[in-house]
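Student: Those sequence lines, one after another, are chains A and S. Position one of the first sequence corresponds to residue 1 (our numbering), numbered consecutively onward. Position one of the second sequence corresponds to residue 1001 (our numbering), numbered consecutively onward. Think of the CB as a built atom: it goes at the ideal place given N, C-alpha and C, for glycine as much as any other residue. Nothing here was measured: the structure is a model prediction, and the numbers come from that model.
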Amino acid sequence: MEKKVLFKYIDFPEQANINIYLSHGGYQAWEKTLKNMSPAAVIDEIKKSGLRGRGGAGFPTGLKWSFVPKDNSKPRYLIGNADESEPGTCKDRVLMEHDPHAIVEGMAIAAFAIGSHQAFCYVRGEFVRPAHLMEKAIEEAYAKGFLGNDILGTGYNLNMTVHTGGGAYICGEETALLNSLEGKRGMSRLRPPFPAIEGLYLCPTVVNNVETLAAVPLIINNGAEWYASMGTDKSKGTKIFSLSGHIKRPGNYELELGTPLSYLINDLGGGVPDGHNMKAIIPGGSSTPFGSMLGSGAVIVINDQTCMVWVIERLIHFYRHESCGECTPCREGTAWLEQLIERLEKGKGRPGDLEKIDSICDNILGRTICPLGDAAVMPIQSALKLFREEFQYHIDNKRCLVKSEFVFK
Amino acid sequence: MILNDISIAKIRQKMICYTVRKSAILPALTVACRQVGHLNNEIYREISVILEIPYLEVAEAASFYTMFPKKPVGRHLIQVCHNISCALLGADSLISYLEEKLGIKKGETSPDNLFTLISVECLGSCTSAPMIQIDDKYYELLTREKIDRILDDLKESSLNGKESSF
Ligand SMILES: Cc1cc2nc3c(=O)[nH]c(=O)nc-3n(C[C@H](O)[C@H](O)[C@H](O)COP(=O)(O)O)c2cc1C
Ligand code: SF4
Ligand code: FES
Chain A
1 MEKKVLFKYI DFPEQANINI YLSHGGYQAW EKTLKNMSPA AVIDEIKKSG LRGRGGAGFP
61 TGLKWSFVPK DNSKPRYLIG NADESEPGTC KDRVLMEHDP HAIVEGMAIA AFAIGSHQAF
121 CYVRGEFVRP AHLMEKAIEE AYAKGFLGND ILGTGYNLNM TVHTGGGAYI CGEETALLNS
181 LEGKRGMSRL RPPFPAIEGL YLCPTVVNNV ETLAAVPLII NNGAEWYASM GTDKSKGTKI
241 FSLSGHIKRP GNYELELGTP LSYLINDLGG GVPDGHNMKA IIPGGSSTPF GSMLGSGAVI
301 VINDQTCMVW VIERLIHFYR HESCGECTPC REGTAWLEQL IERLEKGKGR PGDLEKIDSI
361 CDNILGRTIC PLGDAAVMPI QSALKLFREE FQYHIDNKRC LVKSEFVFK
Chain S
1001 MILNDISIAK IRQKMICYTV RKSAILPALT VACRQVGHLN NEIYREISVI LEIPYLEVAE
1061 AASFYTMFPK KPVGRHLIQV CHNISCALLG ADSLISYLEE KLGIKKGETS PDNLFTLISV
1121 ECLGSCTSAP MIQIDDKYYE LLTREKIDRI LDDLKESSLN GKESSF
């Protein structure tokens, strides 16, 4: 069953309007936080809820917040990550368009928990409308006194700003995002130091995905136990999955973690259309091991009319294009891989190419500054393992085993 | 000056959101690109004057971000997502269809300077594939019929001098 917690009001007309949001209990969690809770109590509650990051890496959210030093006099920053550029992922956009105040409220509570007075929401540049709706929500929140100075008479100050990006996937990676927000090229930083210690302007900073942040007011309102009662032992709560590709009913579905993938694909998604069978699934999430279900929540379904070399060509093209170029294995490796795989797909592959691809992959894996390099490699390795004969077929027969000829209607 | 008063005012408004002026580069580039349609060295220079930071810092940042065209484009920039979810639902044939309808190849601008056609990576609308972005707006779950209508509407509105907004 779908478990609509984040999505409870997603189809409610004008949920983006602060008055409607308020009529659904909006900003009660923020008021409760400010008036009745200490930052430590908020962090504790989030820790107990078991909430983990929804941006890909799945890091425990409360724990991340607790890394921010308490004895540091520097300003602290809270950043909502809405760069959403992982192929197959489009859940943050839905939240921003239909329930932006949930994100604003979650960002406010998170900022309070780490003692931050300035929050930024980094929205990918192409998302003009979602960014506009976030800006509008923030304006409304200021007007009602939920943001700004002396919020609700508690003396707490918090400013919030939407910052739009420039069309680079890498800027979703948190340290590249920080550089981008500082007005530099969006290149990843070496860690340590971690952003919690030296982030934006070298000040303590927490970066959270906006879906993670949207869950925070719900946890404050309903309690950690309520949240932890959903999901599995290891992965608590709910998560939004973006179901796309060869599927009858594509869309964003919120599920309790631990729900079988087959339920999402067959029961909710209606399975593969046009009488074809499923050949493969690409789960999304650069920072997670390939094949694991969580990640960023992308589930891309591929039917049996699809050439896997063609699929991999698309993906490596993407990663090569998005490599920020900072480290050699990723910059050079993705370029080589793209050349080799393109050649293969064109029927010009040569004996030994697959071994060459294997070895380039090995040389990238684990040797890069940020996980983009690994992300580029993992689908290739996985496809070479599961569909090796299809790759070999391209070399032996100079063409595809199955032709991916998809025509839009 | 290329940037008009409205853009300059918008950039100044953005500036006050940041304690470090350099952070306003990306917002400033966004404002400039929305006005002009593309970016160039002269625009970087003007932004560097407004933000009071070195020209090179603006130019360097701008060069990294592919979303901003660095050469003039047609009145409407059509960006087709060719990434995997869209490709599985016919993005390549969608590009061919647009090429045919506009009489240009990917990467080109139509002779009437109305449309530039390019293909881009995932736009975060994968569950509504295939999709395109024209200027600021997303067009999703596309069919031939929808494309025909969208192009007709844009041609008509540019004849009337009316601009679409999201
Ligand atoms: C290449 C790359 C791209 C990423 N893109 C995003 C993104 O678009 N949105 C996001 O929230 N996290 C993204 N991440 C993960 C972030 O680095 C970071 O882990 C996350 O924002 C932390 O938030 P969370 O703890 O709430 O998940 C990306 C990571 C990598 C390596
Ligand atoms: S792995 Fe790739 S994207 Fe990440 S820092 Fe290195 S070159 Fe840049
Ligand atoms: S793959 Fe086309 S919008 Fe994501």
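1. When you compare only the Cα positions, how much space is there between valine 68 of chain A and asparagine 209 of chain A?
2. Measure the C-alpha to C-alpha separation of leucine 1142 of chain S and leucine 1051 of chain S and round it to an integer number of angstroms.
3. Can you find a heavy atom of ligand 3 that lies under 6 angstroms from the Cβ of serine 1119 of chain S?
4. Determine whether the Cβ of lysine 409 of chain A lies closer than 7 angstroms to any Cβ atom of chain S.
5. In chain order, what residues of the region 1063 to 1081 of chain S put their CB closer than 7 angstroms to some CB of chain A?
6. Assuming histidine 117 of chain A contacts proline 87 of chain A (C-beta within less than 8 angstroms), just tell me the rounded distance between them.
7. For the region 1128 to 1151 of chain S, list every residue whose C-beta sits within 8 angstroms of some C-beta in chain A, in sequence order.
8. Beta-carbon within less than 7 angstroms of lysine 1022 of chain S's beta-carbon, same chain only, minus the 5 sequence neighbours each way: which residues are those?
9. Whole-angstrom Cβ separation of methionine 278 of chain A and valine 301 of chain A, contact assumed at under 8 angstroms?
10. Are the region 1081 to 1096 of chain S and the region 392 to 402 of chain A touching by the rule of at least three beta carbon pairs closer than 8 angstroms?
11. What does lysine 239 of chain A pair with, by DSSP beta-bridge criteria?
12. Quick check: is any heavy atom of ligand 3 less than 6 angstroms from the C-beta of serine 1085 of chain S?
13. Does ligand 1 have even one heavy atom less than 6 angstroms from the beta-carbon of valine 207 of chain A?
14. For the alpha helix (DSSP H) containing serine 323 of chain A, list its first residue and its last residue.
15. To which residues of the same chain is glutamate 1042 of chain S closer than 7 angstroms at the C-beta, ignoring the five residues directly before and after it?
16. Are the Cβ atoms of methionine 1067 of chain S and glycine 125 of chain A separated by less than 7 angstroms?
17. If you reduce the DSSP assignment to three classes, tell me which class serine 1007 of chain S lands in.
18. Quick one: Cα of alanine 110 of chain A to Cα of alanine 224 of chain A, how far?
19. Are there 16 or more other CB atoms within 10 angstroms of the CB of threonine 1019 of chain S, so buried, or fewer, so exposed?
20. Buried or exposed for serine 287 of chain A, going by 16 or more other Cβ atoms inside 10 Å?
21. Can you tell me whether lysine 385 of chain A is helix, strand or coil according to DSSP?
22. Name the chain S residues that come within less than 8 angstroms of serine 296 of chain A, Cβ to Cβ?
23. Going by other Cβ atoms of all chains shown within 10 Å of its Cβ, with 16 needed for buried, is isoleucine 79 of chain A buried or exposed?
24. Ligand 3 and leucine 1123 of chain S: does the residue's C-beta get closer than 6 angstroms to at least one heavy atom of that ligand?
25. Using a threshold of 7 angstroms, state whether the C-beta atoms of histidine 98 of chain A and isoleucine 10 of chain A are closer than that.
26. Could you check whether isoleucine 1078 of chain S and leucine 1026 of chain S sit closer than 7 angstroms to each other, using their CB atoms as the reference points?
27. Indicate whether alanine 57 of chain A and histidine 101 of chain A have their beta-carbon atoms separated by less than 7 angstroms.
28. When you compare each of A:Lys248, A:Pro217, A:Cys324, A:Leu257 to threonine 232 of chain A by their alpha carbons, which one comes out closest?
29. Can you pull the chain A residues whose beta carbon is under 8 angstroms from the beta carbon of asparagine 1041 of chain S, in chain order?
30. Who are glycine 80 of chain A's beta bridge partners in DSSP?
31. Please determine whether the Cβ atom of alanine 82 of chain A lies at a distance below 6 angstroms from any heavy atom of ligand 3.
32. Between proline 195 of chain A and leucine 178 of chain A, which are expected to be in contact by the criterion C-beta below 8 angstroms, what is the C-beta distance as a whole number of angstroms?
33. Would you call the CB atoms of glycine 1090 of chain S and phenylalanine 408 of chain A closer than 7 angstroms?
34. Would threonine 164 of chain A pass as a contact of threonine 1030 of chain S if the rule is Cβ separation under 7 angstroms?
35. What would DSSP say about alanine 168 of chain A, mapped onto helix, strand or coil?
36. Hey, would you say tyrosine 27 of chain A sits closer than 7 angstroms to glutamate 105 of chain A, going by beta carbons?
Tutor: Based on what the coordinates show:
1. Cα to Cα, valine 68 of chain A sits roughly 17 angstroms from asparagine 209 of chain A.
2. Each residue's alpha carbon lies about 41 angstroms from the other.
3. Flag unset: Cβ of serine 1119 of chain S not near ligand 3.
4. For lysine 409 of chain A, the answer is yes, since a Cβ of chain S falls inside 7 angstroms of its Cβ.
5. Per Cβ criterion, the list reads Phe1064, Tyr1065, Thr1066, Met1067, Phe1068.
6. Contact flag wrong, Cβ pair sits at about 36 angstroms.
7. Listed by position along the chain: Ser1128, Ala1129, Pro1130, Gln1133, Asp1136, Lys1137, Tyr1138, Leu1142, Thr1143, Arg1144.
8. The residues are Ile1053, Glu1057.
9. Indeed, because the Cβ distance is near 6 angstroms, the residues count as touching under 8 angstroms.
10. With the cut-off at 8 angstroms, the region 1081 to 1096 of chain S and the region 392 to 402 of chain A do not touch.
11. In the DSSP output, where bridge partners are listed per residue, lysine 239 of chain A has A:Leu255.
12. Because some heavy atom of ligand 3 lies under 6 angstroms away, the Cβ of serine 1085 of chain S counts as near it: yes.
13. Judged by the Cβ position, valine 207 of chain A qualifies as a neighbour of ligand 1 at the 6 angstroms threshold, a heavy atom of the ligand being closer than this.
14. No alpha helix (DSSP H) holds serine 323 of chain A; DSSP gives it neither H nor E.
15. Cβ within range, chain order: Ile1002.
16. Yes, Cβ-Cβ distance for methionine 1067 of chain S and glycine 125 of chain A is below 7 angstroms.
17. Three-state result, serine 1007 of chain S: helix.
18. For alanine 110 of chain A and alanine 224 of chain A, the distance between alpha carbons rounds to 15 angstroms.
19. Per the 10 Å Cβ criterion, exposed.
20. Residue confidence is low: serine 287 of chain A scores 46 on pLDDT, short of 50, so the model does not pin down where it sits. Its coordinate-derived value is still stated next. Taking all protein chains in view, the Cβ of serine 287 of chain A is crowded by 16 or more other Cβ atoms within 10 Å, so the residue is classified as buried.
21. It is helical.
22. Here the premise fails: no neighbours, minimum Cβ distance about 11 angstroms.
23. Its Cβ being crowded by 16 or more others within 10 Å, isoleucine 79 of chain A is buried.
24. Distances taken from the Cβ of leucine 1123 of chain S to the heavy atoms of ligand 3 include one shorter than 6 angstroms.
25. Pairing histidine 98 of chain A with isoleucine 10 of chain A gives a Cβ-Cβ distance under 7 angstroms.
26. Contact: no.
27. Their beta carbons are not under 7 angstroms apart, which means alanine 57 of chain A does not touch histidine 101 of chain A by this criterion.
28. The residue with the shortest Cα to Cα distance from threonine 232 of chain A is A:Leu257.
29. In chain order: nothing, as chain A lies at least about 17 angstroms away.
30. Looking at the DSSP output, glycine 80 of chain A sits in a beta bridge with A:Cys121, A:Asn208.
31. False, no ligand heavy atom lies under 6 angstroms from that Cβ.
32. 6 angstroms between Cβ atoms; contact.
33. Yes, Cβ-Cβ distance for glycine 1090 of chain S and phenylalanine 408 of chain A is below 7 angstroms.
34. Taking 7 angstroms as the cut-off, the beta carbon of threonine 164 of chain A is found closer than this to the beta carbon of threonine 1030 of chain S.
35. DSSP places alanine 168 of chain A outside both helix and strand once states are collapsed to three, so it counts as coil.
36. Closer than 7 angstroms, so yes.
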